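Here's the structure, in structure tokens; my notes come after.
Numbering (the numbering used here), first residue to last: 4 to 114.
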């Protein structure tokens with residue numbers, strides 16, 4: 004019985020650590036791909052705060068991940084004001100998808 008409890012506690016800690024790891028990995032990836040040169044997580048810089056992006060597009064499913072990944076790689080203009088976002092072609096499609104998933108994870112939980 005004690006072994007089962009220990010096993011469940013280990014599984015729970017790994018799952019909880021996975022969410023924290025995703026946050027850290029996403030931020031590290033954003034730093035490595037130069038996203039943070041124009042964006043911050045909570046404050047406006049040149050581009051909108053990443054939390055604002057997450058809040059605007061939260062809850063729209065996998066299609067929104069694809070949309071944001073496309074915007075990361077292809078750039079955009081007009082959705083957040085007059086300053087265009089240049090295309091980030093140095094970001095691979097896989098990394099763009101990881102970044103989009105991470106950004107969307109920044110949205111506060113719905114109540």
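Note that CB positions come from ideal geometry on N, CA and C, so glycine has one too. Since we're looking at a predicted model, the values are computed, not measured.
Counting along the chain, where does the alpha helix (DSSP H) carrying residue 58 start and finish? 53-60
Rounded separation between residue 32 and residue 94 - CA only: Cα atoms of residue 32 and residue 94: separation of roughly 10 angstroms, rounded to the nearest angstrom.
What does the alpha-carbon distance come out to for the pair residue 111 and residue 58? 7 angstroms
For residue 73, which three-state DSSP category applies? helix
C-alpha gap between residue 49 and residue 80, whole angstroms: A straight line joining the alpha-carbon of residue 49 with that of residue 80 spans about 13 angstroms.
Got a sec, what are the start and stop residues for the alpha helix (DSSP H) residue 100 sits in? 96-108
Please return the same chain residues whose Cβ sits closer than 6 angstroms to the Cβ of residue 72, not counting the five positions on each side in sequence. 99, 100 and 103
Residue burial classification, residue 68 (beta-carbon count within 10 angstroms, cutoff 16): Per the 10 Å Cβ criterion, buried.
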